[in-house]
Amino acid sequence: MSKLLQVQNLSIEYASPRGVVKAVDNVSFSIGKGEIFGLAGESGCGKSTTAFGICRLLRPPARLAGGSVVLDGIELTELPDEQFDKLRWSKMSIVLQSAMNNLNPVLKIRSQLMDAIVAHEPDAGKEAAKRAEQLMRLVDLPADRLDSYPHELSGGMRQRVVIAMAMAMKPSLVIMDEPTTALDVVVQNGIIRKILELQEQFGFSILFITHDLPLMLEMCDRIGIMYAGRLVEIASRQEMKSGPRHPYTQGLLHSFPPLYGPKRRLEGIPGHPPDLIRPPGGCRFHPRCARAMTQCSSREPAVLADERGQVACHLYNEEGLSVEQASAARE
Ligand code: SF4
Ligand code: MG
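Residue numbers for the sequence shown follow full-length UniProt numbering, beginning at 1 and rising by one.
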């Protein structure tokens with residue numbers, strides 16, 4: 001699969017009264033064309049900050065501290081604002097958790113959709129009005145809703161409008177940060193189905209962010225797990241279901257009810273994520289990890305990349321085997 005987005009060593013920090021918070025620390029991953037890539041982890045792990053860094057929505061005091069973001073061959077971090085604005089919506093669009101953050105409360109839906117089109121195609125004219133109606137149909141909303149203000153629509157309808165807007169310029173990447181979290185389950189299911197249908201139809205890639213791991217296992221091709229600002233594992237959906245390698249990923253999966261098969265007792269991960277101003281040395285997960293070894297508190301695990309994905313944990317050596325398997329194989 002050819003790569004659409006490549007994130008290399010992305011680091012984002014912000015100053016706080018107590019010191020510098022390293023919210024995202026050396027995060028690297030890529031997304032293929034037409035791929036749905038998920039980022040998961042407990043709240044505060046840096047997944048939304050990563051997304052905001054990619055689409056340049058970081059607001060002070062948050063700042064890009066290093067790294068590179070390449071979309072379709074274009075380095076985004078160095079692009080002048082004016083050129084980046086052209087790219088936003090046309091190559092990459094964003095759907096945030098609350099539709100109210102995406103929509104202007106004092107403008108009717110029609111003008112918001114038309115504005116999005118005309119901003120990139122100043123000559124669209126009458127065509128833009130027609131396109132706005134098509135976009136509404138695309139997300140199963142009646143065209144007469146174009147004359148509504150955002151507050152006159154339900155939460156689910158508003159989120160559909162935002163998705164329609166994100167589709168307006170046929171982008172190659174859509175970033176979705178908890179797009180259905182604020183909605184009730186039935187509405188949520190309808191919207192997820194719609195997103196998958198549109199993805200199938202247009203073939204764009206998705207960076208999908210949620211804390212809802214079961215949902216992610218249903219819809220994403222590959223999943224990255226973040227812990228305390230770092231990416232600790234990347235694996236395909238199948239690998240995630242059949243047995244992720246990182247102890248944190250294993251703990252995270254055990255804190256949700258299983259999607260299939262017999263019910264089991266839910267086990268949360270003991271303790272809580274660390275303070276990112278003074279994170280623990282070595283592996284940041286070591287104070288909570290049941291499998292921690294001596295080296296875990298002093299040495300940061302290297303990222304092992306192999307055909308199963310990538311994992312940053314001392315349990316795995318270069319061949320991607322667990323220490324036990326590796327020593328058994330050597331004997
Ligand atoms: Fe646990 Fe050590 Fe692996 Fe960290 S590196 S997840 S502490 S075993
Ligand atoms: Mg978030």
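No residue lacks a Cβ here, since even glycine has one placed at the ideal position from N, Cα and C.
Span of the beta strand (DSSP E) around residue i
i: N104; result: No beta strand (DSSP E) contains N104, which DSSP labels as neither H nor E.
i: F37; result: I36 to A40
i: E13; result: K3 to S16
i: L138; result: Taken as a continuous stretch (DSSP letters only), L138 belongs to no beta strand (DSSP E), being part of the alpha helix (DSSP H) at K126 to L138.
i: G67; result: A62 to L71
i: M219; result: Here M219 belongs to no beta strand (DSSP E); instead the alpha helix (DSSP H) covers L213 to M219.
i: I94; result: M92 to V95
i: G243; result: Counting along the chain, G243 falls outside any beta strand (DSSP E), and DSSP gives it neither H nor E.
i: S297; result: From DSSP, S297 is part of no beta strand (DSSP E); its letter is neither H nor E.
i: L231; result: R230 to S236
i: A305; result: L304 to D306
i: L173; result: L173 to D177
i: G309; result: G309 to V311
Limits of the alpha helix (DSSP H) - the one that residue i falls within
i: S205; result: S205 -> not in any alpha helix (DSSP H); beta strand (DSSP E) instead, spanning S205 to I209.
i: I54; result: K47 to I54
i: R160; result: G155 to M167
i: Y227; result: Looking at the DSSP string, Y227 is not in any alpha helix (DSSP H); the run it does join, the beta strand (DSSP E), is R222 to Y227.
i: D85; result: D81 to L87
i: K22; result: That residue, K22, is in no alpha helix (DSSP H); its beta strand (DSSP E) goes G19 to G32.
i: V187; result: V185 to F202
i: D115; result: I109 to H120
beta-carbon residue i near ligand 1 non-hydrogen atom, thresh 8 Å
i: F285; result: yes
i: A235; result: no
i: A119; result: no
i: V162; result: no
i: V174; result: no
i: G46; result: no
i: A292; result: yes
i: P247; result: yes
i: L79; result: no
i: C220; result: no
i: C55; result: no
i: E301; result: The amino acid occupying residue 301 in the given sequence is Pro; Glu does not appear at that position. P301 Cβ: within cutoff of ligand 1.
i: H314; result: yes
i: V95; result: no
i: V7; result: no
i: V232; result: yes
Sequence-distant residues of its chain with Cβ nearer than 8 Å to residue i (five each side left out)
i: L217; result: I223, R237, M240, K241 and L259
i: S2; result: G32 and K33
i: E331; result: Reliability of the predicted coordinates at E331 is poor, the pLDDT of 46 falling under 50, and the value obtained from them is presented with this limitation in mind. Correct list: empty, nothing qualifies.
i: D140; result: R160 and K194
i: A166; result: W89, S93, I94, V95 and V174
i: S205; result: L4, L5, I31, G32, K33, G34, E35, I36, F37, S172, L173 and V174
i: P280; result: P274, H286, P287 and S297
i: G190; result: G156
i: G19; result: I277 and R278
Distance CB(residue i)-CB(residue j) smaller than 9 Å
i: F29; j: I277; result: no
i: E178; j: L58; result: no
i: Y149; j: K108; result: yes
i: I117; j: V174; result: no
i: A302; j: A292; result: no
i: P247; j: F285; result: yes
i: R230; j: D25; result: yes
i: A124; j: R110; result: no
i: V156; j: L138; result: Here the sequence assigns Gly to residue 156, which means Val is not the residue at that position. Not closer than 9 Å, so no.
i: L196; j: M169; result: no
i: L64; j: S11; result: yes
i: V187; j: T180; result: yes
i: M226; j: L39; result: yes
Residues near residue i in its chain [Cβ-Cβ closer than 7 Å; skip 5 each side]
i: G320; result: The predicted position of G320 is uncertain, since its pLDDT is 49 and thus under 50; a value taken from the coordinates is nonetheless stated next. Once the five neighbours on either side are set aside, the close Cβ partners of G320 are L304, D306 and R308.
i: G271; result: P287 and R288
i: residue 334; result: Any question about residue 334 goes unanswered here, given that the chain covers just 1 to 331.
i: Q8; result: S28, G67 and S68
i: L103; result: Q112, P150, R158, V161 and V162
Spatial neighbours of residue i in its chain, beta-carbon cut-off 6 Å, leaving aside the 5 residues before and after
i: F256; result: L213 and P214
i: I54; result: V69
i: G251; result: I269
i: K22; result: E13, G229 and L276
i: H254; result: E267
Closer than 8 Å: residue i CB and nearest ligand 4 heavy atom
i: G282; result: Absence of ligand 4 is noted for the structure shown, with ligand 1 and ligand 2 being the only ligands found.
(request) Pair every Cβ in the region 38-49 with every Cβ in the region 195-213, then say whether three or more of these pairs are closer than 8 Å. (result) yes
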